[in-house]
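Going by my numbering, the sequence shown wraps up at 565, each residue one higher than the last.
Shown next, in structure tokens, is the structure this report addresses.
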Amino acid sequence: MNNQLMAGVSRVNITPEIGGYLYGYNPNTISDSINDDLTATAVALAYGSIRVIIVSTTVCQVNTDLSNAIRKQIGEETSIPASNVIISVTHTHSGPRTNGTKGWGDIDTEYCNAIFIPRLIEVAKEAINNLKPAKLGIGTTESLVGINRRQYGADGITLLGQNPWGYFDKTMTVLSLKGKDDTAIANIIHYGAHCTAAGNNTEISRDWAGVMIDRLEKETGAVTAFLNGAEGDVGPRLTNGGTTGNINYAMEHGAVAAQDALRAYKSIKEYHNVSLDYVTDKISLPYGPRIPLAEAEEKIKKLTNTTVNTGGLQYYFLSNVIASYKAGEIEKTHMEYQQTIIRLGQVVIIPFPFEMFSEMSIRLREYSPYTHTLCLSNTNGSMGYLPSQDQICRGGYEIEVFLHQNVQPLTNDADNHIINENLRILKAMTHSG
């Protein structure tokens, strides 16, 4: 058996044609230009018989069914288990509809079939073909690129803005993979913050993360992927005091992020040959009860917005609740999904198919037996927001979405359950370097 870490990288352009709908704000926003091309970057890793592929895509979200289908196809094309294919998004709001959510617009099936699906398969296959001996360097820094975006007013109302005393994960991590002769192979940047600096714009863009990626690539000569961390309650720390700006804000903010990424990279002192491992299991999260039928029928009558953003989502939610009662459906006890955790030396990568709140990332890193615990939002699917329990009583945009994602909402302590479920799975991992 070959006890040598192998790594390969590849990138493809996934930019849609101008004139398509953008995803993340108003469902009627149409692109009118390209500020910077969208990309998919695949990093393949191998160690002995173990192989995994991590694909970072510069879109907002990927529908869970679509994500599972792509992972299956990549698995078939590469002879790698679909569970070992990780599809993550950078969460730019200036890209095409690869998710489809009531209130935010239907999925763009034409784009997905013509560009997104075939190019993700292409980039994954190419990364596997590019495998070569590699060693790993790890650098970290404290970054203030993000800020908690759940701004509390004196009236007790929670709005999207900036909350200087709220949680956010300050740790930015750079993983650098080099060949035995110190030739650059790939970088992975991990940090958690919404890619919304551009705002409700009409330019296609990777947002602030694109500038950061390009700068680290230029300085290091290595293709660089960005994996967005716990960004559910974290926005970019813009100088206008908000969580959105315009395309110029995005480019300026990206320059700040680039300096942080470079600082993390330059803090790397040593590179080592490390082992690779993974573990796959089921995550189980408890459902709460449906709201009563009479309450759903009363609420749907009072809705004034039934199509845009949270209004459209609430209408869809209430309609489904009413339909579930009329169909005589029995309430479920738990949601389940498949989880794959990857270990690369003392780094563990933990996917979340949610927009998780930052406290969960901080807590998991504290409880984890590994030196570097990287939680990924919007990865291997899109199941909406997952707030920390203490924030649900405060309400606000993310909580409204959380409460209306499913006919039965997850329980308020779902954060505790998902942390403990992942810790349980981590215990099955080989603890070695």
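For every residue, glycine included, the Cβ atom is placed at its ideal position computed from N, Cα and C.
Quantities reported herein were computed from a predicted structural model and do not represent experimental measurements.
Q.
Please classify residue 360 as buried or exposed, where buried requires at least 16 neighbouring CB atoms within 10 angstroms.
A. Flag for residue 360 reads buried.
Q) Rounded to a whole number of angstroms, what is the C-alpha to C-alpha distance between residue 133 and residue 561? A) Below a pLDDT of 50, predicted positions are generally treated as unreliable, and residue 133, at 45, falls in that range; the measurement from the model is reported next regardless. One C-alpha to the other measures close to 19 Å.
Q. Among residues of its own chain, excluding the 5 on either side of residue 309, which ones have a beta-carbon nearer than 7 Å to its beta-carbon?
A. Non-local C-beta neighbours of residue 309 in its own chain, meaning closer than 7 Å and more than five positions away in sequence, comprise 139, 266, 268, 317 and 318, ordered along the chain.
Q.
Just verifying my parser: in three-state terms, what is the DSSP assignment at residue 505?
A. The DSSP-derived three-state label of residue 505 is strand.
Q) Using the beta-carbon count (16 or more within 10 Å), is residue 179 buried or exposed? A) Classification of residue 179: buried, given that the 10 Å Cβ count is 16 or more.
**Q.** Same chain only: Cβ atoms within 6 Å of residue 442, ignoring 5 sequence neighbours per side
**A.** Excluding sequence neighbours, residue 442 sits near 532.
Q.
Going by DSSP in three states, residue 466 sits in which element: helix, strand or coil?
A. If DSSP states are grouped into helix, strand and coil, residue 466 belongs with the strands.
Q | Pick from 495, 516 and 515 that is closest to residue 506, judged by C-alpha positions | A | Distance check between residue 506 and each of 495, 516 and 515 places 495 closest, using alpha-carbon atoms only.
Q: Keeping to the same chain, check which residues put their C-beta closer than 7 Å to that of residue 234; ignore five residues upstream and five downstream.
A: Cβ-Cβ distances below 7 Å link residue 234 to 444, 445 and 448 in the same chain, with the five nearest sequence neighbours on each side left out; the list follows chain order.
(Q) Let me confirm a value: residue 275 is counted as buried when at least 16 other C-beta atoms fall within 10 Å, else exposed. Which label applies? (A) By the neighbour-count criterion, in which a residue is buried when 16 or more other Cβ atoms sit within 10 angstroms of its Cβ, residue 275 is buried.
**Q.** Same chain only: Cβ atoms within 8 Å of residue 419, ignoring 5 sequence neighbours per side
**A.** In the same chain as residue 419, and ignoring 5 residues on each side of it, the C-beta atoms closer than 8 Å to its own belong to 463, 464, 465, 466, 467, 538, 540, 541, 542 and 543, in chain order.
Q: Could you check the C-alpha separation between residue 478 and residue 195 for me, to the nearest Å?
A: Cα to Cα, the separation comes out at about 31 Å.
Q. What do you get for residue 199, buried or exposed, if any count of 16 or more other CB atoms within 10 angstroms of its CB means buried?
A. By the 10 Å Cβ count, residue 199 comes out buried.
Q. Within the chosen definition, does the segment 272-289 reach the segment 361-378 through at least 3 CB pairs nearer than 8 Å?
A. Segments in contact, yes.
Q) Between residue 190 and residue 171, what straight-line distance do the alpha-carbon atoms span, to the nearest angstrom? A) Computed Cα separation, rounded: 6 Å.
Q.
With distance defined between alpha-carbon atoms, name the residue in 227, 426 and 174 nearest to residue 167.
A. Ranking the options by Cα distance to residue 167, first place goes to 227.
**Q.** Residues near residue 415 in its chain [Cβ-Cβ closer than 6 Å; skip 5 each side]
**A.** Taken in chain order, the residues that qualify are 469, 471 and 553.
Q | Outcome for residue 342 when other beta-carbon atoms lying within 10 angstroms are tallied against a minimum of 16 | A | So residue 342 ends up on the buried side.
Q | Unbroken stretches of the alpha helix (DSSP H), 4 residues or longer, contained in the segment 351-401 | A | Here the runs fully enclosed are 379-398.
Q: Look at the alpha carbon of residue 501 and the alpha carbon of residue 459, and state the distance between them as a whole number of angstroms.
A: Rounded to whole angstroms, residue 501 and residue 459 show a C-alpha spacing of 47 Å.
Q: Locate the beta strand (DSSP E) running through residue 307, then write down its first and last residues.
A: Per DSSP, residue 307 is one residue of the beta strand (DSSP E) stretching across 303-310.
Q. If you draw a straight line from the C-alpha of residue 351 to the C-alpha of residue 325, how long is it?
A. Going by C-alpha positions, residue 351 is about 23 Å away from residue 325.
**Q.** As assigned by DSSP and simplified to three states, the class of residue 422
**A.** Look at residue 422 here: in three-state DSSP terms it is coil, with no helix or strand label.
Q: Verify whether the separation of the beta carbon atoms of residue 222 and residue 143 is less than 8 Å.
A: No Cβ-Cβ contact shorter than 8 Å links residue 222 with residue 143.
(Q) Counting C-beta neighbours from all protein chains within 10 Å, is the total for residue 315 16 or more, i.e. buried, or is it exposed? (A) Exposed: under 16 other Cβ atoms inside 10 Å.
**Q.** Range of the contiguous beta strand (DSSP E) that encloses residue 283
**A.** Per DSSP, residue 283 is one residue of the beta strand (DSSP E) stretching across 282-284.
**Q.** Enclosing beta strand (DSSP E) for residue 170 [first to last residue]
**A.** It is not in any beta strand (DSSP E) - residue 170 carries neither H nor E in the DSSP assignment.
Q. Which partner residues does residue 511 have in the DSSP bridge list?
A. Partner(s): 220.
Q: Check the C-beta distance from residue 511 over to residue 215 and give it rounded, since I have them as a contact under 8 Å.
A: Cβ atoms of residue 511 and residue 215 stay farther apart than 8 Å, at about 13 Å.
Q) By a C-beta neighbour count over all protein chains shown, 10 Å radius and 16 as the cutoff for buried, is residue 363 buried or exposed? A) Buried is the label assigned to residue 363, since at least 16 other Cβ atoms lie within 10 Å of its Cβ.
Q.
Short of 7 Å in beta carbon distance, which residues of its chain neighbour residue 331, apart from the five on each side in sequence? Order them along the chain.
A. Cβ within range, chain order: 376, 377 and 378.
Q. Which one or two residues does DSSP pair with residue 183 in a beta bridge?
A. 178.
**Q.** Assigned exposure category for residue 160 - 16 Cβ within 10 Å defines buried
**A.** Per the 10 Å Cβ criterion, exposed.
Q. Would DSSP call residue 521 helix, strand or coil?
A. Under the three-state reduction of DSSP, residue 521 is assigned to helix.
(Q) Counting C-beta neighbours from all protein chains within 10 Å, is the total for residue 150 16 or more, i.e. buried, or is it exposed? (A) Per the 10 Å Cβ criterion, exposed.
Q: Could you tell me whether the Cβ of residue 260 comes closer than 8 Å to any Cβ of chain C?
A: Any reference to chain C falls outside this structure, which holds one protein chain only.
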